[in-house]
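Visitor: Numbering (full-length UniProt numbering), first residue to last: 1 to 876.
No residue lacks a Cβ here, since even glycine has one placed at the ideal position from N, Cα and C.
Before we start, here is the structure in question, set down as structure tokens.
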């Protein structure tokens with residue numbers, strides 16, 4: 001935290017070093033690659049192949065007519081009587097949702113009536129807010145309370161703000177509220193019982209673990225540890241029994257109930273103990289922390305759009321960074337995307353030097369004069385040039401860096417909301433999972449392309465050779481605030497985000513923000529925080545008017561009454577969700593509306609950074625309690641994550657459990673003890689082969705060499721290889737590399753190889769020896785190639801039954817039926833060949849116990865033998 005480690009904080013917004021732009025990292029490097037922006041300009045000039053880009057307002061082209069006459073003496077155009085029975089077909093309009101006679105008749109009257117009512121409700125709402133403002137400042141904020149409040153607002157560091165907040169809590173009597181356990185917004189009894197049990201079990205488990213170094217482990221010692229593990233898994237969940245309810249932090253300026261704080265501290269201590277304990281192996285810890293991460297979720301910082309209002313995000317980010325509470329998942333939209341790109345492409349040390357007022361020297365997107373703007377708007381319909389903006393945005397994104405490259409460099413996950421220019425396609429949340437090779441500056445421009453301000457742009461992606469090419473077939477994208485300013489659903493889907501920190505600066509939304517019961521770190525001043533803002537009557541009127549405004553906006557949207565200037569549906573900029581678990585609302589001033597499309601000066605940026613910090617300070621304690629648990633869970637996941645191989649060895653084919661089993665099997669073979677190896681990590685009936693199956697061979701890759709002219713060994717007998725050939729490579733540092741080298745070292749020789757041709761049961765007609773197989777030295781490509789020969793398997797089955805093996809026919813099912821049908825054909829030559837090959841036409845297999853299906857069942861059926869044992873025997 002910043003109040004503990006003051007040296008980690010960057011320069012304050014009003015310090016002298018904060019205005020020196022030469023101290024900025026890379027202040028003289030523009031990161032501009034002209035070849036990349038030439039490709040971007042080429043992609044912008046290319047026509048879009050989307051049918052939605054057609055101008056539907058133009059009349060349909062008439063079909064070409066072939067003009068002719070009935071004969072040479074009749075005119076081309078002659079008068080023809082109109083047939084009334086054929087009616088003219090109705091033409092479909094360009095917007096099928098806005099058709100009908102009644103709709104055309106009532107559209108504008110309804111629109112005027114609704115707009116008039118919305119204007120009346122808006123005036124009433126402003127008057128209500130003015131009444132509440134005057135009530136709070138003339139009645140509640142007076143005397144010492146007002147002096148303490150001004151001291152709190154003038155704090156420049158988080159340490160000063162904490163001292164002022166505690167003094168204000170003591171004066172208002174909030175300390176007694178912290179000491180009381182009961183509260184209506186969480187289950188205090190369950191929290192107290194779980195905390196007490198966790199303290200006792202953790203202390204007992206720690207003492208038992210200390211005694212285990214001198215004594216043997218007992219069942220009681222293991223029982224205490226298992227109880228602690230089960231208790232942690234049961235209570236470490238998102239908002240468990242309401243302990244993360246924002247109302248618990250909305251009654252005081254700093255902190256929450258002492259019971260909730262002690263519970264969070266105890267959970268942190270238990271997680272730390274489970275992370276460093278030796279009673280759990282690596283796999284068990286991995287499963288434990290994966291389960292906790294799924295239930296607890298992750299935290300995301302969401303930066304809204306708002307043109308130059310987005311520069312308040314710099315102050316919010318600086319407060320989180322100085323307190324070491326910056327989340328790993330960061331999303332931005334429109335102007336917030338520019339700030340998010342800066343946060344995710346720089347390290348923490350660089351950000352501490354960048355989030356200063358001197359950064360205004362790098363914000364030069366609005367450098368053109370008004371005459372140039374007007375000429376460009378008249379010629380292109382946009383106020384800014386896309387290529388010029390892309391070059392000035394490249395400094396914030398470190399050039400043409402992609403989402404994957406930014407994640408690999410900083411470890412933070414950047415997300416940018418982009419809306420397609422056509423109304424049919426869904427919005428996308430660009431990140432290193434959905435669009436890893438997409439260039440960040442193109443996504444930032446697409447998220448800031450407000451119609452009339454910046455034309456829709458093409459997303460660019462980086463090819464393998466480093467050049468830029470259009471992304472998503474060259475389709476164009478525009479401002480993300482039009483549909484998804486805060487993409488909470490997509491964040492939850494991709495990264496399991498359950499806790500969101502929203503920095504909301506949209507000017508059309510900031511005016512309507514009102515917390516009737518207070519917000520996190522800002523309790524209600526009326527009745528010492530126990531009442532409603534402006535009294536219950538004032539809060540009730542404000543809530544009713546705001547809900548009524550929302551209702552009529554939804555009516556306009558669903559009845560398709562709103563006009564669509566610039567071809568865009570603007571209803572979502574009012575009706576989408578703009579808040580999160582914690583919502584930070586930096587307090588703007590009237591001059592911000594005047595400079596809404598202007599570059600900030602260092603003095604204005606210093607004020608915006610200071611206000612952003614002030615708005616984030618009250619939320620940091622709530623965020624810190626959440627972050628301390630989340631960081632331990634993520635640390636546990638990183639420490640227990642298995643090392644991955646990059647050499648393309650066996651780890652790309654087998655799982656980690658199989659790799660460990662292979663090493664264990666190899667070790668047992670060297671010791672002289674042979675244990676069966678399962679097909680997977682667990683020996684279950686579904687994964688293990690049935691007894692007597694031809695594939696009942698251990699898969700430990702300790703292949704046995706069968707010496708010639710010796711009795712066949714049982715199916716499960718293993719012959720060990722030379723330990724010098726089966727030992728892992730001594731210089732390989734990792735498990736996967738050792739296994740890969742060991743597998744590659746096994747090369748069966750021609751003599752006694754598993755690829756040796758199987759003995760045939762019927763003689764060949766040719767007396768010449770068969771040619772050697774070209775694949776005799778290759779490794780087997782499937783597990784069925786690792787089996788014994790067919791004749792050896794038959795002999796093994798009869799040997800287990802105690803009978804002599806009979807001569808078994810090896811033909812396929814079709815050949816067997818063909819041979820049986822030869823009794824009806826008078827062909828002595830074929831019959832002789834058949835008798836010679838199969839031992840006579842009337843030869844039959846001996847039966848055991850009155851049944852002849854035992855051999856067929858053992859092999860899965862006689863008709864399936866050719867498929868079971870390979871295509872070579874089936875063709876024979």
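Rounded to whole angstroms, what is the Cα-Cα separation between residue 280 and residue 294?
Guide: 20 angstroms
Visitor: For residue 296, report the span of its alpha helix (DSSP H) as first-last.
Guide: 282-296
Visitor: What span of residues does the beta strand (DSSP E) with residue 583 cover, start to end?
Guide: Residue 583 -> beta strand (DSSP E) spans 582-584.
Visitor: Measuring straight from C-alpha to C-alpha, what distance separates residue 427 and residue 420?
Guide: 6 angstroms
Visitor: Round the Cβ separation of residue 554 and residue 575 to the nearest angstrom and send it over; I've been treating them as touching at under 8 angstroms.
Guide: 6 angstroms
Visitor: Should residue 179 be labelled buried (16 or more other beta-carbon atoms within 10 Å of its own) or exposed?
Guide: By the neighbour-count criterion, in which a residue is buried when 16 or more other Cβ atoms sit within 10 angstroms of its Cβ, residue 179 is exposed.
Visitor: Could you compute how far the alpha carbon of residue 330 sits from the alpha carbon of residue 35?
Guide: 30 angstroms
Visitor: With DSSP collapsed to three states, give me the class of residue 257.
Guide: coil
Visitor: Would you decide whether residue 176 is buried or exposed? Buried here means 16 or more other CB atoms lie within 10 Å of its CB.
Guide: exposed
Visitor: Thinking C-alpha only, which one of 270, 500, 121 is nearest residue 236?
Guide: 270
Visitor: Sorted by chain position, which residues of the same chain lie with C-beta nearer than 7 angstroms to residue 640's C-beta, five sequence neighbours on each side aside?
Guide: 282, 285, 286, 289
Visitor: Would DSSP call residue 246 helix, strand or coil?
Guide: helix
Visitor: Residue range of the alpha helix (DSSP H) that residue 377 falls in?
Guide: 370-380
Visitor: Rounded to whole angstroms, what's the CA-CA distance from residue 32 to residue 114? Just pull it up for me.
Guide: Roughly 50 angstroms separates the two Cα atoms.
Visitor: Do residue 541 and residue 128 count as a contact pair if the criterion is CB distance below 7 angstroms?
Guide: yes
Visitor: Measuring only the C-alpha atoms, how far is residue 615 from residue 302?
Guide: Here the alpha carbons of residue 302 and residue 615 stand approximately 15 angstroms from one another.
Visitor: With contact counted as at least three CB pairs below 8 angstroms, one residue from each stretch, are the stretch 142-156 and the stretch 222-239 in contact?
Guide: The answer is no - the stretch 222-239 does not touch the stretch 142-156, with fewer than three Cβ pairs under 8 angstroms.
Visitor: Decide if the stretch 384-404 is in contact with the stretch 439-452; the criterion is three or more beta carbon pairs, one per stretch, under 8 angstroms apart.
Guide: The stretch 384-404, when compared against the stretch 439-452, does touch it at the 8 angstroms Cβ threshold.
Visitor: Here's the rule: buried if 16 or more other CB atoms are within 10 angstroms of the residue's CB, otherwise exposed. What is residue 423?
Guide: The residue is exposed, with fewer than 16 neighbouring Cβ atoms inside 10 Å.
Visitor: Between the stretch 481-501 and the stretch 297-317, can you find at least three pairs of beta-carbon atoms closer than 8 angstroms?
Guide: When C-beta atoms of the stretch 297-317 are compared with those of the stretch 481-501, three or more pairs fall below 8 angstroms, so the two segments count as touching.
Visitor: Give the straight-line distance between the Cα atoms of residue 626 and residue 17, rounded to the nearest whole angstrom.
Guide: Going by the C-alpha atoms only, they are around 33 angstroms apart.
Visitor: Enumerated in chain order, which unbroken segments of the alpha helix (DSSP H) with a length of 4 residues or greater are wholly contained in the stretch 457-521?
Guide: Listed in chain order, they are 488-495, 507-510.
Visitor: Cutting at 7 angstroms between CB atoms, please list the residues of its own chain near residue 185, excluding the five before and the five after it.
Guide: These residues qualify, in order along the chain: 242, 245, 247, 248.
Visitor: Determine the DSSP secondary structure at residue 173, reduced to helix, strand or coil.
Guide: coil
Visitor: DSSP on residue 547, reduced to helix/strand/coil?
Guide: In the structure shown, residue 547 falls within a helical segment according to DSSP collapsed to helix, strand and coil.
Visitor: Given this structure, state the Cα-to-Cα distance separating residue 262 from residue 195, to the nearest angstrom.
Guide: 8 angstroms
Visitor: At which residues does the alpha helix (DSSP H) containing residue 110 begin and terminate?
Guide: 101-135
Visitor: For residue 611, count neighbouring Cβ atoms within 10 angstroms of its own Cβ and tell me buried if that reaches 16, exposed if not.
Guide: buried
Visitor: Candidates 628, 638, 635: which alpha carbon is nearest residue 264's?
Guide: 628
Visitor: Touching or not, the stretch 488-495 and the stretch 140-149, by the rule of three or more beta carbon pairs under 8 angstroms?
Guide: no
Visitor: Roughly how many whole angstroms lie between the Cα atoms of residue 11 and residue 24?
Guide: Rounded to the nearest angstrom, the gap between the Cα atoms of residue 11 and residue 24 is 12 angstroms.
Visitor: Quick check on DSSP: helix, strand or coil for residue 417?
Guide: strand
Visitor: List the DSSP bridge partners of residue 331.
Guide: 302, 415
Visitor: Rounded to the nearest angstrom, what separates residue 229 and residue 298 at their Cα positions?
Guide: 21 angstroms
Visitor: Can you tell me the Cα-Cα spacing of residue 376 and residue 382, whole angstroms?
Guide: Rounded to whole angstroms, residue 376 and residue 382 show a C-alpha spacing of 7 angstroms.
Visitor: Does the contact criterion of 3 or more C-beta pairs under 8 angstroms hold for the stretch 459-469 versus the stretch 357-368?
Guide: no
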